[in-house]
Amino acid sequence: MKCSLCSREAESDLCQYHEEAKSRLKAAYKEWVEAYGKMGWKDYLDNVKRSAQTGQWVKEVAERLESVD
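Okay, so the sequence shown: first residue is 85 according to this note's numbering, each after it adds one.
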């Protein structure tokens with residue numbers, strides 16, 4: 085099976101790198117809400133994607149999650 089985002093070998097829809105990015109992205113949402121107050125999931129994903137500090141794998145996962153939700 086191949087990763088749907090980068091075509092690397094994968095055991096599921098995502099390779100280990102994108103799977104880790106997805107896990108960290110979801111875990112960080114709670115921290116963002118605590119730091120910035122009430123923030124919707126889509127607003128969070130948009131902020132993450134626009135941040136210069138966000139890595140490419142996280143941006144790719146955020147884009148995918150935003151289009152799914």
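Even for Gly, the Cβ is constructed at its ideal location relative to N, Cα and C.
Taking a contact to require three or more Cβ pairs closer than 8 Å, the stretch 117-124 and the stretch 99-108 do not qualify as touching. Nearest C-alpha to residue 115 among 96, 91 and 132: 132. Annotation: the continuous alpha helix (DSSP H) that includes residue 103 extends over 100-120.
DSSP places residue 126 in the uninterrupted alpha helix (DSSP H) bounded by 125-134. The straight-line gap separating the alpha-carbon atoms of residue 92 and residue 141 is approximately 12 Å.
Separation of the CB atoms of residue 147 and residue 102 is rounded to 11 Å, and the pair is thereby denied contact status at 8 Å.
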